[in-house]
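One structure below.
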Amino acid sequence: MASAISAQGLEKTYGELRAVDGLSFDVEEGTIFAFLGPNGAGKTTTVEILEGLRRATAGEVKVLGLDPWKQADALHHRIGVIPQEFRFFDKTTPREAIEYYATLFDKKADADELLRKVELTEKAESYFDTLSGGQKQKLGLALALVNDPPLLFLDEPTSGLDPHARRAIWEVIKEAKRGGRTVFLTTHYLEEAELLAERVAIINHGKIIAEGSPEEIIREHGTADRLVLEGPPALADHLAKTLGLPVHRENGKVVIEMSDKRDVARALEEADRSGLGWTSVSTARDSLEDVFVRLVGRMEEGVVRSGR
Ligand SMILES: Nc1ncnc2c1ncn2[C@@H]1O[C@H](COP(=O)(O)OP(=O)(O)OP(=O)(O)O)[C@@H](O)[C@H]1O
Ligand SMILES: [Mg+2]
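Per the working numbering, the sequence shown runs over residues 486 to 793.
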């Protein structure tokens, strides 16, 4: 598979601040890549370098085979962008905005179809300054698609949207991928990244701290899957002794850390055999968000400690 984006040793400094500090990554054509990180991690800076809007201090970048800074004009015809905090002229309607973009790109755009896609049909003739935050984001996505680009940069496209509106945007993103487009996405909604992206990079202080599929990251950095039983404290002691697995009590429940899926059957058998009476059973596993919070938190603690 060819790379839509490839970055090697990317750096951006603002005075003393190393906002992007040696990033290297590849985004395969036709995939969704999610760029995650806490506020100020360097996501928007990176996205804007890739879009040719900011100049890298150092490093090699190729986007659709182009140098985004030196070949910005050529690149801008081939990418669709939703900037973080998308804004537009107040007294312009979504339909006019789409027509305006189409003229800019010298393309024919089907405004009705684009507005339908992002569920904005009933606001087609409303001024931008009367749209809700979510409706503005939806217009941003419609505009990003006007020039039918093979690559989309979506910087927090769903921030502040209600759950229904977010799902509508997810559908448009999935459809873009089905149509063969590559999507570079930043988001603070970890479940969104888990749901949409084949590959994820978590960055902090301008450096990648984890990369892979959501599944790989959870496997590598997450804790073991857990079996959770409701039962008396004695059950925890019994299972700890008989199973040889870590067992603890949490919120009045017995939590068994499994190392193998067969541990489920063993644990239930032992629980039954104990005669100690247990009621509900459920399983728990780390989400990408659990892993993210732990990784970033651990790093921040390290920074605080080493700073003293
Ligand atoms: N033009 C600029 N001049 C100076 N510092 C900047 C500039 N743009 C960004 N920064 C700093 O660079 C760091 C990275 O900012 P960036 O906007 O890339 O973060 P982000 O990961 O997109 O954060 P968020 O999740 O809040 O959008 C921050 O510390 C920010 O204050
Ligand atoms: Mg940002």
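Glycine is no exception: its CB is placed at the ideal position from the N, C-alpha and C atoms.
The alpha-carbon of arginine 684 is positioned some 7 Å away from that of isoleucine 517. Look at the stretch 511-569 and you find these whole runs of beta strand (DSSP E), each 3 residues long or longer: 517-521, 543-548, 564-567. Using a 10 angstroms sphere on the CB of tyrosine 499, the tally of other CB atoms stays under 16, which defines it as exposed. Distance check between arginine 601 and each of Glu774, Arg539, Gln620 places Gln620 closest, using alpha-carbon atoms only.
Contact residues of ligand 2 (beta-carbon closer than 7 Å to any heavy atom; chain order) are Lys528, Thr529, Gln569, Asp640, Glu641, Thr671.
Judged by DSSP secondary structure, arginine 711 falls within the beta strand (DSSP E) whose first and last residues are 711-715. In this structure, glycine 697 has its CB at a distance of at least 8 Å from all heavy atoms of ligand 1. Taking non-hydrogen atoms of ligand 1 into account, the C-beta of leucine 780 is found less than 8 Å away from none of them. In the DSSP assignment, leucine 639 is bridged to Ile567, Leu670. In the structure shown, lysine 692 falls within a strand segment according to DSSP collapsed to helix, strand and coil. Glutamate 660 has its alpha-carbon roughly 21 Å from the corresponding atom of proline 579. Of all alpha-carbon atoms in Val732, Lys576, Leu675, the one lying nearest the alpha-carbon of glycine 522 is that of Leu675. Selection Thr606, Gln569, Arg563, Gly760 evaluated against isoleucine 583 yields Thr606 as nearest (Cα-Cα). For lysine 746, no alpha helix (DSSP H) run applies, since DSSP gives it neither H nor E.
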